[in-house]
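>
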Amino acid sequence: MPSYFRYVPQFDYVSRVVGDTNISDYERTTNLFKRGKLREDIFGNLQFFTKYSIIGDERPDNVAFKFYEDETLDWIILLSNNILNVFDEWPKTQRGFENYLKEKYSEVYRTKILRAKDRSIILSEEEAFQETLADVHHYETIQVKNSLGVTVVPEGLIVAQNYSVNFYDPTDKAQRILSGITKPVTNYEYESKIEDEKRNIFILKPRYLNVVLEDMERIMKYKEGSTQFVSETLKKGDNIRLYD
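Quick note on numbering: the sequence shown equals residues 487 to 730 in my numbering.
(1) Between the Cα of L690 and those of K537, Y512 and N517, spot the shortest distance and give me the residue it belongs to.
(2) Where does I628 sit, in a helix, a strand or coil, going by DSSP?
(3) Tell me where the alpha helix (DSSP H) around F615 begins and ends.
(4) Mind checking which residues open and close the alpha helix (DSSP H) that includes I599?
(5) Could you tell me which residues DSSP pairs with A550 in its beta bridges?
(6) Taking the continuous beta strand (DSSP E) assigned at K669, which residues delimit it?
(7) Buried or exposed, going by whether 16 or more other CB atoms sit within 10 Å of the CB of L587?
(8) Thinking C-beta only, is E557 closer than 9 Å to N548?
(9) Going by beta carbon distance, what residues of the same chain come within less than 7 Å of Y729, once the five residues before and after it are set aside?
(10) Is it a yes or a no for the segment 515 to 535 touching the segment 656 to 675, going by three-plus beta-carbon pairs under 8 Å?
(11) Let me make sure I understand the geometry here. Which of I667, T579, E611 and N585 has the alpha-carbon closest to that of Y625?
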C-alpha cells in the first residue's frame, strides 16, 4: 500500500537561498499544508470502525500492521482518530512517560530538594520526584446514593477537599448532610489517566480501506483554475522576488 506522502502534492516556491542571484530559481517541496482527512459520512459513523485499546508501547505502524498487514498505513490509524501530533496525542512509551513527568514536574521536585537542604535534610532527586508524583493533584467525589439507590453525587467530580452535599432522603423523609465524600487524586494518577484515555482509539475496518484510499487520491489533487496550477500534483508560487 502507498504511504501517506504518496498522495501529498508538491509545491514550487521561489528560492530564498542567501547569495542566489537568479530570481527565477525555484525550490520544490512537499505541500504539507494540503492535509488529507476521512470524509464526514465515514468519520462520523461508528459502523465503519472497530474500537481498540493500544497495548503497551505499540506505535501507529504496529497497529496498522496488526489490522492491515501493512505498517505504511499508519497514517490511516492517525486520520481515523484525528491525531495531528503523535507525541502529544498518542500514548507515550513507559520511558517516554517517565521522562515527560520528570520534565513537567521538575520545578516542583527541585524545590523540594532545596527546601530539604535548608533543613539539613538530604533528599535525592529520585526521592523528591517520587514524593512529587504522590502529591495530591486534586480531589474528586465518590459516588453517593440515597436510600432508594438514586445517585445524589456522581463519581469523579472535581471538588474542594472539604466538599459536602445536602440532600433530601425520601425514605427517612429528612434532610441529610454528607461530608467526607471526596478522595485525593495524585499527580501520578492524574497523568496516568490522561495517558490511558489516549489508548482508546478507533480502527477503520479493513474492508473500507479502498474507499478511503480512493478518496485520498481525489481530494489531494489540485484543481485546475488557480493561477498557481501546473498539474494535479504541482503548484508554482508567485515569484515574490520580482517585487523585492
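By construction, the Cβ of each residue, glycine as well, lies at the ideal position given by its N, Cα and C atoms.
Taking the coordinates as given:
(1) K537
(2) coil
(3) E611 to A620
(4) S592 to D604
(5) In DSSP, A550 forms no bridge with anything.
(6) T668 to T672
(7) buried
(8) yes
(9) Its pLDDT being 48, under 50, Y729 is placed unreliably by the model, and nothing is read from it.
(10) no
(11) I667
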